[in-house]
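This report refers to the structure that appears directly beneath it.
Number of protein chains: 2
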Amino acid sequence: MKTLAVLHASQLVTLAGPARPRTGVELSELSIIPDGAMLVRDGVIVVKGVSDVIKREMPGDAEVVDATGRVILPGFVDAHTHPVFAGNRVDEFELRAKGATYEEIAASGGGIRSTVRRTGAASEDELLAQAMKHARWFLEGGTTTVEAKSGYGLTVEDELKILRVIRRLNAETSLEFVPTFLGAHAIPDEFRNAPGQYVALVIHKMLPSVVEEQLAESCDIFCERGYFDIADSEKILRAAQESGLRLRMHVDQLTNSGGAFLAARLRAATADHLEQANAAEIAALAEAGVQPVLLPGSVYALGKSRYPRAREMIEAGLAVVIATDFNPGSSPTPSMQMVMSLAATQMKMTPAECVSAATINAAYSLNRGDKIGSLEAGKLGNFTLFHCADYREIAYWFGAPQTHSVYIRGERAYCA
Amino acid sequence: MKTLAVLHASQLVTLAGPARPRTGVELSELSIIPDGAMLVRDGVIVVKGVSDVIKREMPGDAEVVDATGRVILPGFVDAHTHPVFAGNRVDEFELRAKGATYEEIAASGGGIRSTVRRTGAASEDELLAQAMKHARWFLEGGTTTVEAKSGYGLTVEDELKILRVIRRLNAETSLEFVPTFLGAHAIPDEFRNAPGQYVALVIHKMLPSVVEEQLAESCDIFCERGYFDIADSEKILRAAQESGLRLRMHVDQLTNSGGAFLAARLRAATADHLEQANAAEIAALAEAGVQPVLLPGSVYALGKSRYPRAREMIEAGLAVVIATDFNPGSSPTPSMQMVMSLAATQMKMTPAECVSAATINAAYSLNRGDKIGSLEAGKLGNFTLFHCADYREIAYWFGAPQTHSVYIRGERAYCA
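The listed protein sequences derive, respectively, from chains A and B.
Residues -18 to 397, numbered by our numbering, are exactly what the first sequence covers, in order.
Residues -18 to 397, numbered by our numbering, are exactly what the second sequence covers, in order.
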């Protein structure tokens, strides 16, 4: 395979550094190389450095990418998405603009369960076709790795159907999708009066099938009032852990239900959302080494004002991750650039912290810190060129298309 | 010139209706034609209607645009922007993420005056080159008409330089730029101790030159504590009015300084910002028929939480306009789609109200209600196709590129 030589990036933002997630990131920790270059062979980064030095090592037949005037970042790692669903929830979007709350809409039969009804009625091929459009959006935004949850099935058959679509996305796109089983996303209508039976179904039917078909790396749960309480969440998650799955959890989004403490107790990989988490929850996550995944897109889209306390988390030593939470209800955005804008303007994360949270920290949260998330020799050649010369511009200009081109394993996957 | 036939739009959102700006827009007032079509000749819309009917009137040699599966809206009219400046203010963006306020940054020599220093040092050609990039962004977002203010010059020579760049943007792009003179954007450093002398300079030197060269249609002012007070604002605006310019005003953004009342007294075309305006100000604007131009991008980007009271304004019968406020300090977004998202999620405007505020109402605020802002026979063929089948999706998905293609005077100006 030919060598790809990427030359003269105004800033090659490598994030090279210690093999661990980062907290309270200073500019120096981004390890930016001005006039930066790298060589990529067989999909893997061989070397990176200043262009004049790298050029000397460049084979004569290398394919050259001139990145003059452009920033290069590691491909974004979007660590929390729900990309496989049918239809949209634009009706509920309009209802919220007219004053209804997310909770009111859910209580009247809308919300997650309305997407479940449509997703159940859709075929695997139909779901794949729509998800391919979402995959294109991720790519256009500069994302190269996508954590992808099931959760709009809520039956054995439909949860497996969604996870198989995620497997097909992996095969049919250049993006890497990292699958998570989220059978416990909501209590389906037919179990409203017997939630324990649904918990048993998740544990005894869904989970073994998911594990048998190797359809997921992690298990997730929506731990929230009206969804799954602490006791049921713990049952499901312990069963998942015993089956060899890692844990990710939706906690403390709409109410504080003690989910962060459960995440700490179970040593989950991540505790996601955390809008209602306070100092005690933050301390517990820090103590247990759980990574918080913050999802400001959902706070914004629901018109709420309480964002998770990113600064306190960073000060407590947590390795914060930011992600889109892409889904049709509470966060209809596929854009990590938009999430960085939200993190900077609404959560007061610095541009350097935003980059780290969207790349290297997210990679570690997905157990891939050794392969992606930074631009270093031995890691995958996953990177994005932007139409700007300063990495801070990516979060600064918002709503403006700034992606120039995206490379995955050294191959061009998208060009604007 | 050939006829352009646009056929089979899933929704042709025409906004056809009475020849006046709209308030409290209901869905029916968008006058949506399903399977919609229109014919455009010599840059002007000839007829619109259901595709089957329009096809019968279509000349055999018409150039056909197949809009199957796509929404078509009138081109966005962005009624408040500052598109001509040098550099950016990404340093201040980072300072704000670290906790500094916009006001603190301005007090320490940053803010508008930092852009003034750089813009003063740039040549007309340099400014044009950068503004062409901004123009491209507007177009990519589906905007076809852009109100454009000077205001980063603050000397006779540099204000004229900026207005000449705006004139050149009109000549060198397909967008229409509507120029506004904003010499009173800030007090330049050299007049800090003698603001009255700067007011005199604006009135007696800048304004006559601007009028002489016919470089602006309107005059604007930043009426705000630390910028221009009510008395000085009134002097400048009355002089502008006497010179034949229409009035637009920045009022009640950071503090409530009575600017809305002045706008009402002077019967300004628009009162812009209004974050701090209350019921009395809203009533005064309604009484005087002044259109509010709301700029949620700046509230968002500054990390503030007080958005203008759009619902109260609509209920008071005001014909609300929304705009980007595109500028390097407080609102670095060129995207009307993003502004519609902000208006729906943060200001509780319905998707129908957002569309109306971004098109027909904005057109009237620029004295162009008879030419643009809706898709009706006799109006310009300015329209945008989107990658979605329901107009509400444009504000619903955010950070996702949804523009398919843009037409100005019947010519394709952009295609994704």
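Idealized CB from N, CA, C, for every residue including glycine.
message: Just checking: is the beta-carbon of SER12/B within a distance shorter than 7 Å of some beta-carbon in chain A?
response: no
message: Quick check: what's the CA-CA separation for ASP201/B versus MET230/A?
response: 52 Å
query: Skipping 5 residues on each side, what residues in its chain have a beta carbon closer than 6 Å to that of PRO289/A?
result: LEU255, GLU256, LEU275
- request: Determine the chain A residues that contact TYR281/B at a beta-carbon separation under 7 Å, and present them in chain order.
  value: THR326, listed in chain order.
Beta-carbon spacing of ALA129/A, THR100/A below 7 Å: The beta carbons of ALA129/A and THR100/A sit no closer together than 7 Å.
task: With 8 Å as the limit, tell me which residues of the region 119 to 149 of chain A have their beta carbon closer than that to any beta carbon of chain B; keep them in chain order.
output: For the region 119 to 149 of chain A, the set of residues with a beta-carbon nearer than 8 Å to any beta-carbon of chain B comprises GLU121, GLY122, in chain order.
task: Report yes or no: is there a C-beta of chain A within less than 7 Å of the C-beta of SER(-9)/B?
output: For SER(-9)/B, not one C-beta of chain A is nearer than 7 Å to its own C-beta.
message: I need the straight-line Cα distance from ALA381/A to PRO315/B, nearest angstrom please.
response: 6 Å
- request: Take ALA304/B as the anchor and find which of GLY359/B, ALA338/B, GLU296/B has the nearest alpha-carbon.
  value: ALA338/B
Cα-Cα separation between GLY225/B and PRO189/B, rounded to whole angstroms: The C-alpha of PRO189/B is placed about 11 Å away from the C-alpha of GLY225/B.
- request: Report the residue ranges of all alpha helix (DSSP H) runs contained in full by the region 299 to 349 of chain A; include only those spanning at least 4 residues, in chain order.
  value: 317 to 327, 332 to 339, 341 to 346
message: For ALA0/B, which residues in the same chain have their Cβ closer than 8 Å to its Cβ, ignoring the five residues on either side in sequence?
response: GLY350, ASP351
query: For PRO400/B, which residues from the same chain have a beta carbon less than 7 Å from its beta carbon, with the 5 sequence-adjacent residues on both sides left out?
result: Past the boundaries of the shown model lies residue 400/B; chain B is included only from -18 to 397, so the question cannot be answered.
field: Closer than 7 Å to chain A by CB, VAL58/B
entry: no
message: Whole angstroms are fine: how far does the CA of THR384/B sit from the CA of GLN318/B?
response: 9 Å
query: Looking at C-beta atoms only, is the number of pairs between the region 191 to 209 of chain B and the region 154 to 166 of chain B that lie closer than 8 Å three or more?
result: yes
query: At what residues does the beta strand (DSSP E) containing VAL127/B begin and finish?
result: 124 to 130
query: What residues in its chain sit with their C-beta under 6 Å from that of GLU262/A, if we drop five residues either side in the sequence?
result: ALA241.
task: Anything in the region 303 to 327 of chain A with a Cβ closer than 7 Å to a Cβ of chain B? List those residues in chain order, please.
output: PRO313, THR314, PRO315, SER316, GLN318, MET319, ALA325, THR326, GLN327
- request: Using a Cβ-Cβ cut-off of less than 9 Å, list which residues of the region 65 to 90 of chain B approach chain A; keep chain order.
  value: ASN69, ARG70, VAL71, ASP72, PHE74, GLU75, ARG77, ALA78, LYS79, GLY80
query: Does the separation of the CB atoms of ALA282/A and THR331/B fall below 7 Å?
result: no
- prompt: Is it buried or exposed for GLY362/A, if we count other Cβ within 10 angstroms and need 16 for buried?
  reply: Taking all protein chains shown into account, GLY362/A has 16 or more neighbouring C-beta atoms within 10 Å of its C-beta and is therefore buried.
- prompt: Closest by CA to LEU156/A, which one among ALA397/A, TYR388/A, VAL191/A?
  reply: Minimum Cα distance to LEU156/A is reached at TYR388/A.
query: So the alpha helix (DSSP H) ILE35/B belongs to, where does it begin and stop?
result: 32 to 38
- prompt: How about GLY377/A: is its C-beta nearer than 7 Å to some C-beta of chain B?
  reply: The sequence shown places Tyr at residue 377/A, rather than the Gly named in the question. So yes, TYR377/A belongs to the interface.
- request: Indicate whether at least one CB of chain D lies closer than 7 Å to the CB of ALA103/B.
  value: Given the protein chain composition of this structure (A and B), no chain D is represented.
query: Do the region 365 to 381 of chain A and the region 28 to 37 of chain A make contact, defined as three or more Cβ pairs closer than 8 Å?
result: No contact exists between the region 365 to 381 of chain A and the region 28 to 37 of chain A.
message: Tell me the DSSP secondary structure of GLU44/B in three-state form.
response: strand
- prompt: When the Cα atoms are used, what is the spatial distance from GLU85/B to GLY92/B?
  reply: 9 Å
- prompt: For SER346/A, does the count of other Cβ atoms within 10 angstroms reach 16, so buried, or fall short, so exposed?
  reply: buried
message: Whole angstroms are fine: how far does the CA of ALA(-3)/B sit from the CA of ARG398/B?
response: This structure cannot settle anything about residue 398/B, because the visible part of chain B is limited to -18 through 397.
message: Does GLU358/B come out as helix, strand or coil in the three-state DSSP assignment?
response: A small fix is needed here, since residue 358/B is Ala in this sequence, not Glu. ALA358/B: coil per DSSP, three-state reduction.
- request: Please name the residue in PRO313/A, VAL320/A, TYR377/A, ALA297/A whose C-alpha comes closest to that of VAL58/A.
  value: VAL320/A
- prompt: Under three-state DSSP, which class holds LEU108/A?
  reply: Secondary structure at LEU108/A: helix, using DSSP grouped into helix, strand and coil.
Backbone CA spacing between THR125/B and LEU356/B [nearest angstrom]: Answer to the nearest angstrom: the Cα atoms are 13 Å apart.
- prompt: Any Cβ of chain A within less than 7 Å of the Cβ of SER238/B?
  reply: So no, SER238/B is outside the interface.
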